[in-house]
Amino acid sequence: RARKLGIGFALVTRIGLLFSLSWIIQLTDPLFVVFSEEISGRDLVLLVGGLFLLAKATHEIHALVEHDPDITPKQAVTSSMASIIIQIGILDIVFSLDSVITAVGLVDELSIMVIAVMVAVVVMLFSARTIGDFIDNHPTLKVLALSFLMMIGFMLVVESFDVHVPKGYIYFAMAFSVIVEIINIRVRKRFRNA
Numbered sequence: 006r007a008r009k010l011g012i013g014f015a016l017v018t019r020i021g022l023l024f025s026l027s028w029i030i031q032l033t034d035p036l037f038v039v040f041s042e043e044i045s046g047r048d049l050v051l052l053v054g055g056l057f058l059l060a061k062a063t064h065e066i067h068a069l070v071e072h073d074p075d076i077t078p079k080q081a082v083t084s085s086m087a088s089i090i091i092q093i094g095i096l097d098i099v100f101s102l103d104s105v106i107t108a109v110g111l112v113d114e115l116s117i118m119v120i121a122v123m124v125a126v127v128v129m130l131f132s133a134r135t136i137g138d139f140i141d142n143h144p145t146l147k148v149l150a151l152s153f154l155m156m157i158g159f160m161l162v163v164e165s166f167d168v169h170v171p172k173g174y175i176y177f178a179m180a181f182s183v184i185v186e187i188i189n190i191r192v193r194k195r196f197r198n199a
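Residues in the sequence shown are numbered consecutively from 6, following my numbering.
If you want it as structure tokens, here you go:
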């Protein structure tokens, strides 16, 4: 029950963030000038969002690579239902920023962003455990997804300096990478069964 309420809160939070970020992205009037370069609200959101994605993805990849097996997970603390829901909500606000910034970085239409976030939350609601188990069995997918976040973060930073990157290139690179990873998963499975 806590997971469903937390995911419902996630939907509301992400759509709210999406509308506020999309509104800020519309702010193209210069706020100030740095080295004869005009900086707008849009530029700041893209720059900070891109740097956030780069830092988060880099940190996660580093944690995967430098995993210390001697570190044991913290003991689970039993909490009330309200406490669990509040914790899920706070964590979601922090971690939903990356998905919302990614949506802003990949798509120009607000309605498409809202639909994408809603679909992602519904999928999360019904298949969080299945997807988690699949990723645990195929950790290279997690690295690939984090690499996508790095690529999108870099693209947002570049676009914050008014350099337009056609999104078709990003979509193609992502699709190609996923196809290669699917082939790798099948090859590894075949060798494991041999």
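The beta carbon of each residue, even a glycine, is placed where N, CA and C say it ideally should be.
Buried or exposed (CB count within 10 angstroms, at least 16 for buried), residue i
i, result
"residue 58", "buried"
"residue 47", "buried"
"residue 33", "exposed"
"residue 80", "Confidence at residue 80 is low in this model, with a pLDDT of 38, below 50, so the placement of that residue should be treated as unreliable; the coordinate-derived value is given next. Answer is exposed; the Cβ neighbour count stays below 16."
"residue 135", "exposed"
"residue 82", "Confidence at residue 82 is low in this model, with a pLDDT of 41, below 50, so the placement of that residue should be treated as unreliable; the coordinate-derived value is given next. Result: exposed."
"residue 50", "buried"
"residue 26", "buried"
"residue 157", "buried"
"residue 199", "exposed"
"residue 122", "buried"
"residue 45", "buried"
"residue 210", "Residue 210 lies beyond the range of the chain shown here (6 to 199); nothing can be said about it."
For residue i, the nearest candidate out of the options (CA to CA)
i, options, result
"residue 179", "161, 193, 169 and 153", "153"
"residue 145", "17, 187 and 155", "187"
"residue 194", "25, 155, 142 and 133", "142"
"residue 119", "14, 159, 192 and 22", "22"
"residue 165", "56, 67 and 123", "56"
"residue 114", "28, 10 and 15", "28"
"residue 167", "43, 11 and 18", "43"
"residue 155", "64, 13, 39 and 38", "64"
"residue 140", "190, 159, 41 and 177", "190"
"residue 117", "137, 24 and 160", "24"
"residue 11", "131, 36 and 177", "131"
"residue 159", "138, 17, 174 and 52", "52"
Residue i: first and last residue of the uninterrupted alpha helix (DSSP H) it sits in
i, result
"residue 153", "144–165"
"residue 186", "172–198"
"residue 65", "46–70"
Enclosing beta strand (DSSP E) for residue i [first to last residue]
i, result
"residue 37", "35–39"
CB contact check: residue i to chain D, cutoff 8 Å
i, result
"residue 42", "Within the model displayed, chain D is absent; a lone protein chain is all it includes."
CB-CB length for residue i against residue j, believed under 8 Å
i, j, result
"residue 170", "residue 163", "6 Å"
"residue 69", "residue 148", "7 Å"
"residue 62", "residue 151", "4 Å"
"residue 19", "residue 126", "7 Å"
Residues bridged to residue i (per DSSP)
i, result
"residue 42", "39"
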